[in-house]
Amino acid sequence: MGKRNNKAKRTLSSLPKGLVRRNGGKDPGNPFEMTARFKRPKHEVHNRPVSKPKSTKHALESLQRRQNNLRTNLKDSKKANTFVDRRIGQYDKDMSQEDKMLVRLVKERTRRSNRSSKFRLDDNDDDNDAILTHKGQKIDPNKSEAMYSDDEDDGGNLEAVDTELHFGGSGMASSNPYGNSMATGTDLSQLYGQTRKTELDDLIARRKAMKAEKMQVKETQVDTFEKMDETFGELAGLLKYRKNEKKPFIPAKLTKEDIEMKEWNTEIREMMAKPKRRATDRTKTPEEIAKDEAERLHDLETRRMARMNGDFEEDDFSDISIGEEYKKKKQKRKHRNPDELSDSDDSDDDQKGDEVKFTEDGTLIEPDEDESDSDSHDSDDDEGDNDCHPLSEGDRIRGNYRAAEQFDGRENWYEGKITKVRESNSGAITYDIEYDDGDTEENVIPKNVRPVEEEIQKAGEKEIKDDVKIEQMKRKKAKEKARKEIPFVFEAVTTLEGLHDLIGRYASTGKDASTIIKRIHASNSVRLDHRNGEKMQNFYDVLLRRFIAVGDAIFDSGDGGQELGRYNQLDSITKVMYEMAQDTPESAGAVWNRRIGILRNAHDKRLRDSDFVRGDEEMEDGGFWSAWPTTGVFLLMRALGHIFPVTDRRHHVVTPAILLLAQYTAQTPVLSTYDLTMGILCSGLLMEYSREAKRVVPEAISFMASVIRLFSPDDTGNIINPALQTAYTQPFCQSLRANVSKYEDASLPSLKIENDFIMNDESPETAVALLSLSMTLVEKYTEALSGCFSVAAETELLYEISSAVLSLRPKSYPLDLQKKISKTAALIAKVCPVERAPVQRRGRATISEMAIKTLAPRMEDPTRYSMSRDKGKKSAQAAIDRTRREYKREHKAIARELRMDGAFIESERRREKEKKDGKARAKRQKNFNWLEGEVAAMNEQVRQGGGLLTGGGTGLARAKAATGKMGIKKGGKFR
Numbered sequence: 001m002g003k004r005n006n007k008a009k010r011t012l013s014s015l016p017k018g019l020v021r022r023n024g025g026k027d028p029g030n031p032f033e034m035t036a037r038f039k040r041p042k043h044e045v046h047n048r049p050v051s052k053p054k055s056t057k058h059a060l061e062s063l064q065r066r067q068n069n070l071r072t073n074l075k076d077s078k079k080a081n082t083f084v085d086r087r088i089g090q091y092d093k094d095m096s097q098e099d100k101m102l103v104r105l106v107k108e109r110t111r112r113s114n115r116s117s118k119f120r121l122d123d124n125d126d127d128n129d130a131i132l133t134h135k136g137q138k139i140d141p142n143k144s145e146a147m148y149s150d151d152e153d154d155g156g157n158l159e160a161v162d163t164e165l166h167f168g169g170s171g172m173a174s175s176n177p178y179g180n181s182m183a184t185g186t187d188l189s190q191l192y193g194q195t196r197k198t199e200l201d202d203l204i205a206r207r208k209a210m211k212a213e214k215m216q217v218k219e220t221q222v223d224t225f226e227k228m229d230e231t232f233g234e235l236a237g238l239l240k241y242r243k244n245e246k247k248p249f250i251p252a253k254l255t256k257e258d259i260e261m262k263e264w265n266t267e268i269r270e271m272m273a274k275p276k277r278r279a280t281d282r283t284k285t286p287e288e289i290a291k292d293e294a295e296r297l298h299d300l301e302t303r304r305m306a307r308m309n310g311d312f313e314e315d316d317f318s319d320i321s322i323g324e325e326y327k328k329k330k331q332k333r334k335h336r337n338p339d340e341l342s343d344s345d346d347s348d349d350d351q352k353g354d355e356v357k358f359t360e361d362g363t364l365i366e367p368d369e370d371e372s373d374s375d376s377h378d379s380d381d382d383e384g385d386n387d388c389h390p391l392s393e394g395d396r397i398r399g400n401y402r403a404a405e406q407f408d409g410r411e412n413w414y415e416g417k418i419t420k421v422r423e424s425n426s427g428a429i430t431y432d433i434e435y436d437d438g439d440t441e442e443n444v445i446p447k448n449v450r451p452v453e454e455e456i457q458k459a460g461e462k463e464i465k466d467d468v469k470i471e472q473m474k475r476k477k478a479k480e481k482a483r484k485e486i487p488f489v490f491e492a493v494t495t496l497e498g499l500h501d502l503i504g505r506y507a508s509t510g511k512d513a514s515t516i517i518k519r520i521h522a523s524n525s526v527r528l529d530h531r532n533g534e535k536m537q538n539f540y541d542v543l544l545r546r547f548i549a550v551g552d553a554i555f556d557s558g559d560g561g562q563e564l565g566r567y568n569q570l571d572s573i574t575k576v577m578y579e580m581a582q583d584t585p586e587s588a589g590a591v592w593n594r595r596i597g598i599l600r601n602a603h604d605k606r607l608r609d610s611d612f613v614r615g616d617e618e619m620e621d622g623g624f625w626s627a628w629p630t631t632g633v634f635l636l637m638r639a640l641g642h643i644f645p646v647t648d649r650r651h652h653v654v655t656p657a658i659l660l661l662a663q664y665t666a667q668t669p670v671l672s673t674y675d676l677t678m679g680i681l682c683s684g685l686l687m688e689y690s691r692e693a694k695r696v697v698p699e700a701i702s703f704m705a706s707v708i709r710l711f712s713p714d715d716t717g718n719i720i721n722p723a724l725q726t727a728y729t730q731p732f733c734q735s736l737r738a739n740v741s742k743y744e745d746a747s748l749p750s751l752k753i754e755n756d757f758i759m760n761d762e763s764p765e766t767a768v769a770l771l772s773l774s775m776t777l778v779e780k781y782t783e784a785l786s787g788c789f790s791v792a793a794e795t796e797l798l799y800e801i802s803s804a805v806l807s808l809r810p811k812s813y814p815l816d817l818q819k820k821i822s823k824t825a826a827l828i829a830k831v832c833p834v835e836r837a838p839v840q841r842r843g844r845a846t847i848s849e850m851a852i853k854t855l856a857p858r859m860e861d862p863t864r865y866s867m868s869r870d871k872g873k874k875s876a877q878a879a880i881d882r883t884r885r886e887y888k889r890e891h892k893a894i895a896r897e898l899r900m901d902g903a904f905i906e907s908e909r910r911r912e913k914e915k916k917d918g919k920a921r922a923k924r925q926k927n928f929n930w931l932e933g934e935v936a937a938m939n940e941q942v943r944q945g946g947g948l949l950t951g952g953g954t955g956l957a958r959a960k961a962a963t964g965k966m967g968i969k970k971g972g973k974f975r
């Protein structure tokens, strides 16, 4: 067993390899001793491995400090009202409070020294600092400046009044340096009024100028647009160089991802389009299914025995239908009291009757014939009153007087009798009524006529008599049916004779025989009781023998028509054997192994007898002798592939079966047409077993190649299969070769495994069917082997078959057979590679190749040692590469640290979230427990009928509880 190449990948959350874990392992010792022990040796020794220094507990402490810092930062990052106190000495435990305050004061005084603040103008601590003043007053930088209107364009120019009032004045200057000069003693009010008038005039003039400019710009813009519109025609004409025809839409080539998304969208739409199903019960286990089926059969058997004994007390006759004369006969309409109102429950019942019901497996439940007939009768009677008129002349009725003339549909019912019944050409019935008060009414529709209670009573008595009669007929028919039915429950039979006795006693058709086998399995399944294992194992062997017997009967007499249906019997037995193999695989495998061993011993005995018996000799019973097994055995082997998997490398049932079939093919001599047919069937089974597993069966390939050569003229010495070497000169083989060319039908015949077809070697149909089947098997097997080998070996495997196909002379064969042979040859040529070196046996290794190479060690100067990757490089380039490698290593180390930090942060976050969710979950569970307790108390109170109630007003509740009348009405009122 070699080493594992794929090592387990370390997770991100795990510690680095070599770290000492807490309470894990021994103390690594003094770190200085560790360093001295694993430091670089004093002398360099070539090819001496030097181990790296191992990590100690100090690396673990560093990692733990890093994790503690990460944990603290993670907690602080989620708190919005926290801050980091960076005051001097805040986290120094050795400093006293006085020392902390002194250090902080010195630091603050240093920050505010004269040297650092001599250029600061906003320092108010020193009174000797220079400040800015105007006319002896300090300029306040915080004072807001005056805001002027945006409409005034002459920003920065002061008016004369402002200049005079703000700067200078008091007659000290003859001229104003900031504005126009004014004489002393000028009236400021006049100057202000003139200035204001001038300002308004200037504003009006500017507004007019702006409007004129806008008008001019607008006119220029309109002229420009008109010129552009005039020249647009010429420009548009230059753009008409392409045709106006619509180009075909060429879809873009989809990428692989687009194709996958398109398929996914299609599947989603299909899933959404499917109808929604209601949730059903869970899928039942095989044991529950077997139990339900057994209970159903036992209930049916109980009902059958009760019917035979005349006990119909609990029988609903759901499977009994009356005769056709009662089906066609219509029942009387059910009369109702005229004062009776319609009930919604009736409509609900009718809807339930029309409801479609299904079983658990989706099968439609058809309504019973009696119920459907009675429903159809009632619907026919209620459909319309024009179909029949149960009332006749002289019947007492109650009529709705003048219903058409009543206001707002009012009804007035009066008693009377029918004097005449009228029937129109269309079949409509009306009545003439004479009321008891002497009044008459004609042409009254049946809707407004109702019989009185006496007539209803008579009709009800008649219906009761009819129901009693139908009940008696159903009982009689049920008793007869019970006597003719097959029992639903059987004991497990352990012998083939016992099974044949049951079939002969109860079964009249092949379907009845299959039903008996199914009911035996359902009544005695191992899934019902494990103690049924032994008898069901014996019953499995009985089924195998029954299968072989039915298969032999098919060879002797065919299918037997619809009455026997032997092929259907084989299908039914196969299904039962598969179900039993699923119930107990070990028991089924043991039975199959024992049966395969019996078949092998029988085949060995027939091989010993084949040396003394010729193939054309007849037996005493009128049959013929053959060393090959019977048809039933091959059909059983065919069913084996459907019961057990054939793709397993080794199987305890399939592998012995394959070996047995290979022995049949390779050792059994072919002396008749029957032997040849059985050999082809055996080869087909081998190919079918190995087709899905991509295995090679040389026995089947050689047998099929030899069978094809049997139809080739003058090809005696090339038959490689020992079983067919003597068959080429046999009379049956000569007859087959001669009759292939005599076939005249247009289509190729199919092979039939019946005695009349197989043993008739003089029939061209038999010869063509055998050759056609051989070519079909070769074609299917060639397709299965195509591309299954890592080394091209198809040429060697199919060499004998290709040579056999080429040896045929198909010119005289039927046209369809010629096409099949040509198709098979073309397929073989396609599968086999054309240019390929022939496969040869590998020769032995020479002495020089087997000798061990001896090499002298290459010694290097240890003082000038360098990495092998830097050899041959210049010193500068080697230094650059070394730096690049160091950078790469550091980059990887940083990335590794970041991954570890990320994994740690994620684990801490999840742990914190789990803790928070756990608290909420515990709180929620506490509330749930309280609610459950309250609900339990309420239920106990209701159960005791108010026994837990205390206080005033509970006496009435206790009294009603004592009488047992405590409860809730349908309408919701408490009584």
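Residue numbers 1 to 975, in the UniProt record's numbering, belong to the letters of the sequence shown in order. Just so you know, even glycine gets a beta-carbon here, dropped at the ideal spot from N, CA and C. Treat the numbers as computed from the prediction; the structure is a model and nothing was measured.
Distance between residue j and residue i (C-alpha atoms, nearest Å)
i           : j           : result
residue 833 : residue 789 : 12 Å
residue 271 : residue 260 : 16 Å
residue 127 : residue 106 : Summary for residue 127: the model assigns pLDDT 48, below 50, so the residue's position carries little reliability, and this model does not support an answer.
residue 296 : residue 707 : 54 Å
residue 681 : residue 704 : 10 Å
residue 898 : residue 281 : 52 Å
residue 77  : residue 70  : 10 Å
residue 217 : residue 196 : 32 Å
residue 781 : residue 885 : 60 Å
Same chain only: Cβ atoms within 7 Å of residue i, ignoring 5 sequence neighbours per side
i           : result
residue 103 : 88, 89
residue 583 : 525, 526, 527
residue 588 : 540, 580, 581
residue 512 : 486, 506
residue 538 : 494
residue 298 : 489
6 Å CB neighbourhood of residue i in its chain, flanking five on each side removed
i           : result
residue 727 : 670, 733
residue 751 : 769, 773
residue 635 : 551
residue 563 : 509
residue 517 : 576
Exposed unless 16 or more other CB atoms sit within 10 angstroms - verdict on residue i
i           : result
residue 694 : exposed
residue 464 : exposed
residue 101 : exposed
residue 407 : exposed
Close-in-space but distant-in-sequence residues of the same chain around residue i (CB under 8 Å, 5 per side omitted)
i           : result
residue 809 : 712, 713
Beta-carbon proximity of residue i to residue j, cut-off 8 Å
i           : j           : result
residue 451 : residue 397 : yes
residue 626 : residue 557 : no
residue 599 : residue 661 : no
residue 741 : residue 812 : yes
residue 488 : residue 278 : no
residue 403 : residue 411 : yes
residue 596 : residue 645 : no
residue 547 : residue 754 : no
CB contact check: residue i to chain D, cutoff 8 Å
i          : result
residue 94 : No chain D is present in this structure, which holds just one protein chain.
Start-end ranges of the alpha helix (DSSP H) lying completely within the segment 188-267, minimum 4 residues = Restricted to the segment 188-267, the alpha helix (DSSP H) segments that are unbroken, complete and at least 4 residues in length are 188-238, listed in chain order.
Quick one: which unbroken alpha helix (DSSP H) runs of 4-plus residues sit fully inside the segment 549-623? Chain order, please.
-> List check, alpha helix (DSSP H) in window: 561-564, 566-583, 585-609.
For the segment 625-664, list the alpha helix (DSSP H) runs that are entirely contained and at least 4 residues long, ordered along the chain.
-> DSSP runs (the alpha helix (DSSP H)) wholly in the segment 625-664: 631-643.
Ranges of the alpha helix (DSSP H) found wholly within the segment 470-539, counting only runs of at least 4 | For the segment 470-539, the full-length alpha helix (DSSP H) segments reaching 4 residues or more read 496-506, 510-523 along the chain.
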